[in-house]
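Chemist: Please read through the structure below; I'll follow up with questions.
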Amino acid sequence: MPKRFIAVVVLFLLTCTLSYASGKKPAVLRKDTSAVSVKKFSASALKEYAADTDFKYADGILSGPSLWSRFWNWVWMNLIESVGRSVSGLIFLKYVLPALAILGLIYIIIKATGMDITGILRPGSKKGTLPYHESLENIHEIDFDGEIETAVTQHNYRLAVRLLYLKCLKQLSDGNLIHWQPEKTNQAYYYELKDNLQRDAFGSLTLRFEYVWYGDFGIDEQAFNDINRRFVEFKKQLP
């Protein structure tokens, strides 16, 4: 009995569903007759946006290393390959090479500024070794001829060369060829000379003076006479 009842109910529901489906009207597809508006982009606006960096989202193209960078890369690679494979080579690259670079930079600064470091390197060759109070402030008050004669008589040719050089500076200052000042170096006076012949001659005299005085180089009478002759010849070139 229950099975028959269930079968009747299912048959009834199936009949109702088919009746509803057959009675429903089919959907009608409507044709769209509205006008279509085609959007166009302004060429000028596109160019404006293309030129604006705010709208450039692509990653920038990395440029390759410059010729100068490639050169130094080549230098370092060769240094590493040649000396960097051993412990001593690594020490050279880490300590010695930077130290040499620093010393080279210091040398360039000294040459560019005209600093005189001879007194620092040779503390024994100070101006205080002169037998009189010789300061650059009284260079125009020294009796050079008398002092030079005294030094030569005492065979103190090193001091005599010093006096010859100071006398030369006084002559250049008196001739308005240099602007003498206490803090200036010999190299500064060298570059103040406009005449090439005078500058070359003064440079040669300066080299000899610094070699004798700051180098603690003892000279004899013959060497002094040669240096004295050069100072006399230089004096003839001055106005």
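In this text, residue positions in the sequence shown follow my numbering: the first is 563, and each later residue adds one.
From the three backbone atoms N, C-alpha and C, an ideal C-beta is built for every residue, glycine too.
Note that the structure is a prediction, hence the values are computed from the model and not measured.
Near HIS702, which residues of its chain fall below 7 Å by C-beta distance, leaving aside the five closest residues on each side in sequence?
Modeler: Correct list, in chain order: LYS732.
Chemist: Per DSSP, what kind of secondary structure is ASP736 in: helix, strand or coil?
Modeler: Three-state result, ASP736: helix.
Chemist: Between the Cα of PHE793 and those of LEU739, GLY765, GLN743, spot the shortest distance and give me the residue it belongs to.
Modeler: With distances taken between Cα atoms, PHE793 lies closest to GLY765.
Chemist: Considering only the beta carbon of each residue, do LEU800 and LEU739 sit closer than 8 Å?
Modeler: It is a contact, given that the beta carbons lie within the stated cut-off.
Chemist: What residue range does the alpha helix (DSSP H) around LYS710 cover?
Modeler: The sequence shown places Ile at residue 710, rather than the Lys named in the question. First-last of the alpha helix (DSSP H) with ILE710: 706–715.
Chemist: Just verifying my parser: in three-state terms, what is the DSSP assignment at ASP782?
Modeler: It is coil, neither helix nor strand.
Chemist: What is the residue span of the alpha helix (DSSP H) that TRP742 lies within?
Modeler: No alpha helix (DSSP H) contains TRP742, which DSSP labels as neither H nor E.
Chemist: Within 8 Å, do at least three Cβ pairs link the region 762–781 to the region 704–720?
Modeler: Yes: at least three Cβ pairs fall under 8 Å.
Chemist: Starting from ASN718, follow the alpha helix (DSSP H) in both directions and report where the run begins and ends.
Modeler: Segment: none, ASN718 is in no alpha helix (DSSP H) and carries neither H nor E.
Chemist: When the Cα of GLN760 is compared with those of ALA713, LYS798, ALA607, which residue comes out closest?
Modeler: When only C-alpha atoms are compared, the closest one is LYS798.
Chemist: As an exercise, report each continuous beta strand (DSSP E) stretch of at least 3 residues that is fully enclosed by the region 744–773, in chain order.
Modeler: Counting only runs of 3 or more, we get nothing.
Chemist: From what residue to what residue does the alpha helix (DSSP H) around GLU610 run?
Modeler: That run of the alpha helix (DSSP H) goes 605–613.
Chemist: For PHE706, which residues of its own chain have a beta-carbon under 6 Å away from its beta-carbon, when the five flanking residues on both sides are left out?
Modeler: Contacts found: LEU725, LYS729.
Chemist: Where does LYS530 sit, in a helix, a strand or coil, going by DSSP?
Modeler: The displayed coordinates of the chain run from 563 to 801. Any statement about residue 530 would go beyond what the structure contains.
Chemist: Which value, in whole angstroms, describes the spacing of the CA atoms of SER631 and SER604?
Modeler: So the alpha carbons of these two residues sit roughly 45 Å apart.
Chemist: For ILE701, name the three-state secondary structure that DSSP assigns.
Modeler: If DSSP states are grouped into helix, strand and coil, ILE701 belongs with coil.
Chemist: Find out if the Cβ-Cβ distance for the pair PHE786, ALA763 is shorter than 8 Å.
Modeler: Their beta carbons are not under 8 Å apart, which means PHE786 does not touch ALA763 by this criterion.
Chemist: How long is the line joining the alpha carbons of THR747 and ASP614, rounded to whole angstroms?
Modeler: Roughly 59 Å separates the two Cα atoms.
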